[in-house]
Amino acid sequence: DVKVTQSSRYLVKRTGEKVFLECVQDMDHENMFWYRQDPGLGLRLIYFSYDVKMKEKGDIPEGYSVSREKKERFSLILESASTNQTSMYLCASSLEETWRTYEQYFGPGTRLTVT
Amino acid sequence: KQEVTQIPAALSVPEGENLVLNCSFTDSAIYNLQWFRQDPGKGLTSLLLIQSSQREQTSGRLNASLDKSSGRSTLYIAASQPGDSATYLCAVRGGSYNTDKLIFGTGTRLQVFP
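Top to bottom, those sequences are chains A and L.
Position 87 (the first sequence) corresponds to 778 in our numbering; numbering is contiguous.
Position 111 (the second sequence) corresponds to 130 in our numbering; numbering is contiguous.
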């Protein structure tokens, strides 16, 4: 089974702190994604990565950056946390197979509260 | 811009009922559609994925259909159980200007009571 793990289930940080959210997958997937989920807004894509050291902006990249130094690990960075970044953060990965499935597998999520 | 809508937003049914969850999307040029389940405070579990060339997929008591031309998908749950209580999300990949991303609906929150 594919396993996607996230470093923390719950996190509380103060405004202005630098925050790192870590995601690791164990299936050698090329693609990795970071989403945030908010009531009434659904899941929105922040950043994604097709390969090591590659990254692409999603729909709401402002206030975030990412790092992918190794294939299995994709980090989301909040350079200076703000209260409007309080949310559930979900990481996902997928195997890119041309002409075949593009099923995304999700981690358990990190509930981040910025006070 | 691809938009995904799920109706109803919430549904409460007695155990044993068969039920249908609806998902619609505005741009029919999709690659595939995926149904997920999310328990409160948890991540997403993939239930079914339908490729654009397929009409339906089945897994146990779940059956998902896809009518790409009309921009609709349904998730049919047979003989519902309290353990089916969760939020169900659909997501599409693709669209005329969006070939790489999953676009999610806001979900249907299902409660099955004994």
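For every residue, glycine included, the Cβ atom is placed at its ideal position computed from N, Cα and C.
Which value, in whole angstroms, describes the spacing of the CA atoms of residue i and residue j?
{"i": "A:Arg727", "j": "A:Asp750", "result": "11 Å"}
{"i": "A:Tyr796", "j": "A:Glu770", "result": "27 Å"}
{"i": "L:Ser92", "j": "L:Leu121", "result": "15 Å"}
{"i": "L:Gly60", "j": "L:Ser71", "result": "31 Å"}
{"i": "A:Ser698", "j": "A:Val805", "result": "17 Å"}
{"i": "A:Trp790", "j": "L:Tyr50", "result": "Unreliable positioning characterises A:Trp790 in this predicted model, as indicated by a pLDDT of 40, which lies under 50. A coordinate reading is not provided."}
{"i": "L:Gly113", "j": "L:Ala48", "result": "7 Å"}
{"i": "L:Leu68", "j": "L:Gly126", "result": "16 Å"}
{"i": "A:Gly754", "j": "A:Lys746", "result": "15 Å"}
{"i": "L:Leu66", "j": "L:Gly102", "result": "14 Å"}
{"i": "A:Phe765", "j": "L:Leu108", "result": "24 Å"}
{"i": "L:Gly124", "j": "L:Gln76", "result": "19 Å"}
Name, in chain order, the residues that DSSP records as bridge partners for residue i.
{"i": "A:Glu713", "result": "A:Ser766"}
{"i": "L:Tyr107", "result": "L:Arg56, L:Thr127"}
{"i": "A:Met819", "result": "The requested residue 819 of chain A is not part of the displayed model; chain A covers only 692 to 806."}
{"i": "A:Asp729", "result": "A:Gly733"}
{"i": "A:Lys704", "result": "A:Val805"}
{"i": "A:Met821", "result": "In this structure chain A extends from 692 to 806, so residue 821 of chain A is not present and cannot be described."}
{"i": "A:Met723", "result": "A:Ser740, A:Ser784"}
Going by other Cβ atoms of all chains shown within 10 Å of its Cβ, with 16 needed for buried, is residue i buried or exposed?
{"i": "L:Lys87", "result": "buried"}
{"i": "A:Thr774", "result": "exposed"}
{"i": "A:Phe711", "result": "exposed"}
{"i": "A:Tyr780", "result": "buried"}
{"i": "L:Phe132", "result": "exposed"}
{"i": "L:Thr45", "result": "exposed"}
{"i": "A:Leu734", "result": "buried"}
{"i": "L:Gly21", "result": "Checking the sequence, you will find Gln at residue 21 of chain L rather than Gly. L:Gln21 should be labelled buried."}
{"i": "L:Ala28", "result": "exposed"}
{"i": "L:Gln25", "result": "buried"}
{"i": "A:Ser756", "result": "exposed"}
{"i": "L:Gln57", "result": "buried"}
If you check the beta carbons only, do residue i and residue j fall under 8 Å apart?
{"i": "L:Arg80", "j": "L:Ala97", "result": "yes"}
{"i": "L:Trp54", "j": "L:Leu94", "result": "yes"}
{"i": "A:Lys664", "j": "A:Asp719", "result": "Examination of residue 664 of chain A is not possible in this model, given that chain A is present from 692 through 806 alone."}
{"i": "A:Val715", "j": "A:Ala783", "result": "no"}
{"i": "A:Asn722", "j": "A:Glu794", "result": "no"}
{"i": "A:Leu803", "j": "A:Thr777", "result": "yes"}
{"i": "L:Val23", "j": "L:Ala110", "result": "yes"}
{"i": "L:Gln100", "j": "L:Glu34", "result": "yes"}
{"i": "A:Arg759", "j": "A:Lys748", "result": "no"}
{"i": "A:Pro752", "j": "A:Tyr741", "result": "no"}
| said: For a minimum of 3 consecutive residues, which ranges assigned as the beta strand (DSSP E) are wholly contained in the stretch 41-100 of chain L? | reply: Secondary structure within the stretch 41-100 of chain L: the beta strand (DSSP E) runs of 3 or more consecutive residues, fully enclosed, are 49-57, 63-70, 75-78, 81-86, 91-96 (chain order).
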